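**Student:**
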Amino acid sequence: MDHFTYQDGHLHAEDVALAQLAQQFGTPCYVYSRATLERHFKAFQQALGTHPHLICYAVKANSNLAVLNVLARLGAGFDIVSRGELERVLAAGGDPARIVFSGVGKQASEMRRALEVGVKCFNVESIPELERLNQVAEHMGLQAPVSLRVNPNVDAKTHPYISTGLKENKFGIPIEEAFAVYQQAARLSHVQIKGIDCHIGSQLTQLSPFLDALEPVLALATRLAQAGIHIEHLDLGGGLGVTYDQETPPAPQEYAQALLARLQKEDLPYTLIFEPGRAIAANAGVLLTQVEYLKMGADKNFAIVDAAMNDLLRPALYQAWQAIIPVKMPAEGTSTQVYDIVGPICETGDFIGKQRALALQEGDLLAVRSAGAYGFAMASNYNTRNRAAEVMVDGHKTYLVRARETYEQQMAGESVLPE
Ligand code: LLP
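Structure, rendered in structure tokens:
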């Protein structure tokens with residue numbers, strides 16, 4: 105459920121008409137709904153109930169400071185993958201003690217900063233990374249809290265580019281090797297073993313891959329306990345899918361219940377950490393865009409809009425499908441035409457949607473749904489386009505939470521040769 109609905113034929117974000125936002129802030133423009141973000145976050149919290157848990161929002165999905173701040177106020181933890189994301193969480197008022205640091209390529213300087221602020225855990229993905237972290241912590245006279253990210257070799261049954269839990273993927277330590285690496289970690293003087301981490305992919309629409317991945321993780325935890333290595337938490341990553349079209353992913357409640365039932369079967373006390381990104385942010389945002397031109401052809405019609413692949417890369421990169429709906433509902437009986445909705449960028453791959461039946465005129469506003477996750481966060485300046493404005497709606501109030509980029513900002517760090 106989200107808070108983007110038609111009221112008297114006009115699409116609203118909560119109590120605010122999107123047409124008004126387009127007029128006020130221009131297009132393309134990302135619009136987020138605070139109530140939707142909060143609702144999605146609380147769904148995870150409530151799903152875990154009294155079982156010890158921490159919901160670490162995956163910052164990569166949408167790292168706008170206002171989004172992070174809204175979640176921080178609800179007591180969210182954060183899953184970060186870079187120093188940049190760490191600085192954003194701190195700037196947004198996030199609690200460093202609730203941060204988990206993921207990613208295969210952490211640099212020593214990033215480790216230092218994370219140790220300095222006191223993150224909850226490093227999700228370590230390889231032996232060299234473990235050794236480097238131990239050295240960095242030793243230099244600082246600290247203990248680094250760690251989980252090893254294990255790769256359970258489970259097929260997440262999602263798009264190959266966002267599947268991460270197979271042997272052939274670059275992520276994690278193969279499950280068969282994990283016990284030996286934990287033993288190695290236990291011998292290191294400046295790391296402290298806290299948990300086991302696992303993330304098998306993104307946009308999962310079934311429960312079974314999550315449950316399949318849990319089994320080897322639990323078996324590993326048991327084996328470690330027998331060897332005197334005690335695990336406090338299981339970090340099961342993110343990955344819960346959302347509805348873009350007809351998908352029916354499990355709700356957080358269903359997902360958590362299945363996992364908790366499995367833990368309760370053996371009375372396992374592990375704290376559960378989740379790292380949801382998409383499930384919290386995707387349907388809490390839309391990308392607002394305006395039709396510039398209608399180009400009607402013998403074979404195809406194009407609606408050329410002012411948003412492009414630099415604003416929303418998912419369709420071009422993954423052939424992802426996102427709903428595109430009119431901001432003003434056309435009068436009943438208005439005839440539609442089939443259009444490819446494309447941007448102004450000089451690439452054939454620059455499309456937002458293909459073969460969409462819409463009743464369009466130049467100047468019409470469209471909303472691309474489910475754009476709150478991996479939308480702005482993946483935006484670029486390709487074709488020297490300024491990145492879009494971002495707006496947060498809260499009831500009837502609106503806040504510009506990122507001003508549209510300017511050409512001066514884009515060129516600020518550049519210079520011409522002196523001679
Ligand atoms: N934790 C780790 C270690 C991850 O790698 C990811 C996502 C998440 C959590 C959050 O996953 P989520 O709950 O959002 O599925 N750009 C792609 C998605 C890439 C996801 C990468 N990792 C897209 O637009 O579909």
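Residue numbers (the numbering used here): 105 to 523. We treat Cβ as the ideally placed atom computed from N, Cα and C, and that holds for glycine. Bear in mind that the values here come from a model prediction, so they are computed numbers and not experimental data.
#1: Should TYR110 be labelled buried (16 or more other beta-carbon atoms within 10 Å of its own) or exposed?
#2: Between the C-alpha atoms of GLU220 and ALA162, what's the straight-line distance to the nearest angstrom?
#3: Relative to the C-alpha of ASN322, which candidate in ILE279, LEU308, GLN357 and THR268 has its C-alpha closest?
#4: Check whether the Cβ atoms of VAL431 and LEU469 sit closer than 8 Å, and answer yes or no.
#5: Looking at the secondary structure, which residues open and close the alpha helix (DSSP H) in which PRO320 lies?
#6: Mind pulling the beta strand (DSSP E) runs of 3 or more residues that sit fully within the stretch 423-462?
#7: Below 8 Å between beta carbons: does that hold for ASN490 and GLN459?
#8: Inspect the beta-carbon positions of LEU416 and GLY479 and report whether they are closer than 8 Å.
#9: Under the three-state reduction of DSSP, which class applies to LEU533: helix, strand or coil?
#10: Just mark GLN211 as buried or exposed, buried being the case when its beta carbon has 16 or more other beta carbons within 10 Å.
#11: So is PHE371 buried or exposed if we call it buried at 16+ other beta carbons inside 10 Å?
#12: By a C-beta neighbour count over all protein chains shown, 10 Å radius and 16 as the cutoff for buried, is CYS302 buried or exposed?
#13: Is it true that the CB of SER186 sits closer than 8 Å to the CB of GLU229?
#14: First and last residue of the alpha helix (DSSP H) that includes ILE231?
#15: Using only the alpha-carbon positions, how far apart do ASN387 and LEU318 sit?
#16: Name the DSSP bridge partner or partners of PHE480?
#17: Taking 8 Å as the cut-off, does the stretch 148-161 touch the stretch 358-372 (at least 3 CB pairs, one atom from each stretch)?
#18: With H, G and I counted as helix, E and B as strand and the rest as coil, what does DSSP make of ILE304?
#19: VAL528 by DSSP, collapsed to three states: which one?
#20: Counting C-beta neighbours from all protein chains within 10 Å, is the total for ASN485 16 or more, i.e. buried, or is it exposed?
#21: I want to check one thing, is the minimum distance from the CB of MET215 to the heavy atoms of ligand 1 below 7 Å?
#22: In the DSSP assignment, the beta strand (DSSP E) including TYR96 goes from what residue to what residue?
#23: Pick out whichever of TYR286, GLU351 and ALA195 has its Cα sitting closest to the Cα of GLN307.
#24: Give me the DSSP bridge partner(s) of GLY198.
#25: According to DSSP, which residues form a beta bridge with ALA218?
#26: Classify ALA284: buried if its beta carbon has 16 or more other beta carbons within 10 angstroms, exposed otherwise.
#27: Based on the DSSP secondary-structure assignment, which residues constitute the bridge partners of ASP339?
#28: Per DSSP, ARG506 is paired with what?
#29: What's the gap between the Cα of LEU175 and the Cα of ARG236?
**Tutor:** Reading from the atomic positions:
#1: exposed
#2: One alpha carbon belongs to GLU220, the other to ALA162, and they sit about 21 Å apart.
#3: Asn is not the amino acid found at residue 322; the sequence shown has Leu there. Nearest C-alpha to LEU322: ILE279.
#4: Their beta carbons are under 8 Å apart, which means VAL431 touches LEU469 by this criterion.
#5: 312-330
#6: Counting whole runs of 3 or more residues, the stretch 423-462 contains the beta strand (DSSP E) stretches 428-430, 441-446 and 455-462.
#7: no
#8: yes
#9: A question about residue 533 goes unanswered here, because the residues of the chain that appear run from 105 up to 523.
#10: Exposed, because fewer than 16 other Cβ atoms sit within 10 Å of the Cβ of GLN211.
#11: One point to set straight first is that residue 371 is Asp, not Phe, in the sequence displayed. Its Cβ having fewer than 16 others within 10 Å, ASP371 is exposed.
#12: buried
#13: no
#14: 231-244
#15: 27 Å
#16: Note: PHE480 sits in no beta bridge, so no partner.
#17: yes
#18: coil
#19: The structure shown has nothing for residue 528, since the chain only spans 105 to 523.
#20: exposed
#21: no
#22: A question about residue 96 goes unanswered here, because the residues of the chain that appear run from 105 up to 523.
#23: GLU351
#24: GLY198 pairs with nothing; no bridge assigned.
#25: Paired residues: none, contrary to the question.
#26: exposed
#27: ASP301 and ILE377
#28: GLU494
#29: C-alpha of LEU175 to C-alpha of ARG236: approximately 32 Å in a straight line.
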